[in-house]
Amino acid sequence: MSKILIIGSTGQLAFDLIRVLKGGHEVIGSSRADFDVADSPAAGSFIKKARPDLIINTAAFHKTEECELNPERSFAVNSLGAYNVAKAAKETGAKFVFFSTDYVFDGSKKSFTESDAPNPLNVYGASKLAGELLTSAGNDNYYIIRTSWLFGIHRSGKGHNFVTLMLEKAKNGETIKVVGDQFGLPTYTHDLALKIKELIDKNAPAGIYHMANSGPCSWHEFAKKIFELAKLAPNLEQIKSGDGLSKIKRPEYSVLTSENLKREGIKNMRPWQEALGDFMLEYDKK
Ligand SMILES: NC(=O)c1ccc[n+]([C@@H]2O[C@H](COP(=O)([O-])OP(=O)(O)OC[C@H]3O[C@@H](n4cnc5c(N)ncnc54)[C@H](OP(=O)(O)O)[C@@H]3O)[C@@H](O)[C@H]2O)c1
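The C-terminal position of the sequence shown is numbered 1065 in our numbering, with every residue numbered one higher than the one before it.
Shown next as structure tokens:
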């Protein structure tokens, strides 16, 4: 059994990491009230006292539109924050897990493996790519997990995830406009947490791992499935990326495939539609 510190413990992914990892490990969490990852001395002193064997950093500044307006904060949290924790982990002999994003890629091909060259189109993606580089600069003993389009049962730090936002809009009777020309992989945080546990328990080699549910779709197809499973029939309109809802550049294709999980004999994650079905069952019980 190892001692695991999960940073960002009030977030949606952290919620599932805690419930999955506490069977088999000693798990402690830290929130922004304990320390801000951008504050190197505060992060260092908390980690020194806690002395975990493994540190999982889920903290992020990841509202894409706000990142574009505030690059300083994006790089302070997503890049330097990663370095501060990676370095503190190294000093205490801990392994470090950093979460990155499909938005490190430019969408110029239909899917991306770990060996494809990143080329982010927006500030959020650039700050996460810098976070990846600073993770490996700060600590050789790391996992960088690139994932995409997260939905989880616990409230996201953004206030909502795509699934809960769609359900809320439908219940309010709003007309819902969703882009149909951006493709990616919706990912259930509970499935992601189980895959992380597998990687840790296997003691897989350090490196970058792509982890997402399988079966690419557009945001519009994702929304259609949400309403089908929830038995709702809102007025759903398919729009194009340039239609004015957002000014931020996002990749047309940000589909993550993994060569590195395969190399380690770790299975791909199940189709997102099945995962969404399980999410809905738990959501209905809330
Ligand atoms: N959500 C997605 O679709 C998606 C896609 C790809 C990758 N990712 C990555 O996956 C990870 C987890 O995402 P998530 O959706 O679980 O995020 P989340 O729900 O927003 O959780 C992030 C947590 O980090 C905390 N936090 C934020 N800034 C902090 C700081 N400077 N210092 C300390 N704690 C801080 C937040 O606390 P407060 O609530 O107090 O802010 C929150 O508890 C992130 O690294 C994200 O970039 C997410």
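Heads up, the beta-carbon is just placed ideally off N, CA and C, and yes, glycines get one too.
Residue closest to D919, alpha-carbon to alpha-carbon, out of G938, N951 and K866: K866
Taking 7 Å as the cut-off, is the beta-carbon of R798 closer than that to any non-hydrogen atom of ligand 1? no
Short check: CB of W998 to CB of V942, under 8 Å? no
Which same chain residues, not among the five before or five after G787, have their C-beta less than 6 Å away from its C-beta? A793, T837 and A838
Taking the C-alpha atoms as reference points, what is the distance between Y988 and Y1062? 29 Å
DSSP on I987, reduced to helix/strand/coil? strand
Give me the residue from Q1017, K1041, S890 and E1031 with the minimum Cα distance to E977. K1041
Can you tell me which of the three DSSP states F825 falls into? helix
Starting from the C-beta of K937, find all residues in its chain whose C-beta is less than 8 Å away, skip the five residues before and the five after it, and write them out in chain order. H841 and K842
At a cut-off of 7 Å, would you count R1029 as near ligand 1, judging by its Cβ distance to the nearest heavy atom? no
DSSP on G1023, reduced to helix/strand/coil? coil
Whether or not the region 877-896 and the region 811-821 are in contact is what I'm after, with contact meaning three or more pairs of Cβ atoms, one per stretch, closer than 8 Å; do they touch? no
Can you tell me which residues form a DSSP beta bridge with V806? I783
The beta strand (DSSP E) with V957 in it runs from where to where? I955 to V958
Less than 8 Å between the C-beta atoms of T966 and W928, yes or no? yes
Are the beta-carbon atoms belonging to K1004 and L1055 less than 8 Å from one another? yes
C-alpha gap between S887 and Y903, whole angstroms: 18 Å
How about I786: is its Cβ closer than 7 Å to a heavy atom in ligand 1? yes
Determine the DSSP secondary structure at V876, reduced to helix, strand or coil. strand
Which term fits T954, buried or exposed, when burial requires 16 or more other beta carbons within 10 angstroms of its beta carbon? exposed
In terms of alpha-carbon separation, which member of Y1032, S1033 and N1047 lies closest to N1039? N1047
Helix, strand or coil at Q791 according to DSSP, with G and I counted as helix: helix
Does the Cβ of D980 have 16 or more other Cβ atoms within 10 Å, making it buried, or fewer, making it exposed? exposed
Should A905 go down as buried or exposed, given a rule of 16 or more other Cβ atoms within 10 Å for buried? buried
Closer than 7 Å: W928 CB and nearest ligand 1 heavy atom: yes
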